[in-house]
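Mapping of the sequence shown onto our numbering: residues 4 to 222, in sequence order. The next block holds one structure in the form of structure tokens; read it before the comments.
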Amino acid sequence: MKMPENATRLQRTFMRDEVYNILREWIMIGKLEPGTKLRDKDLSETLGISRTPIREALIRLEDEGLVVTKANRWTMVSPIDFDGAENIYSIVWTLECLALTQGFHNISPKDTEEMEKMNENLKQAMENGDRLAALEADNLFHKRIIDLSQNHELAKLLPGLKVKIQRLELHYFKRINDGHLSYLEHQKIIDAFKNKNLPQALEALEENWKKTLGRVRQN
């Protein structure tokens with residue numbers, strides 16, 4: 004297994020979470036590419052820790068669909084599943100529309116202003132070709148919609164689902180030529196907030212997710 008260069012050696016505190024976070028980031032940004040075999044011995048030597056927290060982290064990553072394991076044989080980074088993307092996207096936009104419906108009355112002018120700033124950050128990141136910053140800005144924009152619902156169950160459900168599509172979106176953000184379309188679609192959502200028009204906001208939100216899915220497939 005070829006390991007990423009300049010790997011950070013870990014302190015022995017909070018190892019389980021630290022290993023999980025590092026391996027997850029390496030998978031998400033492609034330092035560990037789809038199909039890469041993951042050997043706990045190699046990871047142990049690279050990170051300078053025992054194999055136990057590595058094995059625990061790999062179990063969490065398998066639960067999230069980021070790695071796959073064949074019992075007693077191998078563990079590897081999962082392939083990116085473009086064919087199954089619609090199943091996850093459709094669940095995400097349905098739940099996020101539910102969050103918007105539940106939280107629409109909570110939207111304040113301050114929320115709208117902050118979401119405009121998030122959207123400008125998205126635009127700037129795309130212009131700079133910084134795909135990680137673009138994805139982070141996009142995530143923060145949609146997270147605000149979920150937070151406004153004040154529905155803790157949705158807040159727990161959606162992040163786990165979104166992990167499964169973030170690799171697809173990072174793949175999309177590599178090809179940033181049409182990234183301005185996400186910015187414009189977000190602006191439609193913001194305009195609906197300003198107009199206090201829930202049907203318009205729901206339509207714009209679902210359109211954003213559906214068109215993102217279409218662009219991911221094309222790229």
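C-beta: ideal position from N, C-alpha, C; glycine also.
Asked                                                                                                        : Found
CA-to-CA distance, Glu48 to Ile91, given in whole angstroms                                                  : 36 Å
Residue interval of the beta strand (DSSP E) (run including Lys73)                                           : 70 to 73
Residues bridged to Lys40 (per DSSP)                                                                         : Met79
Buried versus exposed call for Trp223 [16 or more other C-beta atoms within 10 Å across all chains shown]    : Since the displayed the chain opens at 4 and closes at 222, residue 223 lies outside it and no answer follows.
Identity of the residue in Arg27, Pro56, Thr97 nearest Ser81 by Cα                                           : Arg27
Same chain, Cβ closer than 8 Å to Gln216, five either side skipped, listed in chain order                    : A quick correction: the sequence has Leu, not Gln, at residue 216. Same-chain partners within the cutoff: Ala88, Glu89, Tyr92.
Integer Cβ distance of Leu157 from Ala102, believed to fall under 8 Å                                        : 5 Å
Three CB pairs or more closer than 8 Å across the region 114 to 129 and the region 204 to 219                : no
Extent of the continuous alpha helix (DSSP H) run through Asp114                                             : 112 to 131
Pair within 7 Å by beta-carbon distance, Val219 and Leu184                                                   : no
Cα-Cα separation between Ile20 and Asp194, rounded to whole angstroms                                        : Per the sequence shown, the amino acid found at residue 20 is Asp instead of Ile. Spanning the two alpha carbons is a distance of roughly 39 Å.
8 Å contact criterion, which Leu173 and Met79 should meet: CB distance rounded                               : Their Cβ separation, rounded to whole angstroms, is 19 Å, which puts Leu173 and Met79 out of contact at 8 Å.
Proximal residues to Ser152 (C-beta, below 6 Å), its chain only, five neighbours per side dropped            : Ala102, Gln105, Gly106
Between the CA atoms of Asp45 and Arg147 - distance to the nearest angstrom                                  : 39 Å
Phe196, buried or exposed, once every other Cβ within 10 Å from all chains shown has been counted against 16 : buried
DSSP state of Ser53 mapped onto helix, strand, coil                                                          : coil
8 Å Cβ shell around Arg15 - same chain, five flanking residues per side excluded                             : Model confidence at Arg15 stands at a pLDDT of 49, short of 50, so the residue's coordinates are unreliable and nothing is read from them.
Rounded C-alpha distance that separates Asp84 from Pro112                                                    : 39 Å
6 Å Cβ shell around Leu211 - same chain, five flanking residues per side excluded                            : The question names Leu, yet the displayed sequence has Asn at residue 211. Here the set comprises Glu188.
Arg54 versus Asp43 - alpha carbon distance                                                                   : 6 Å
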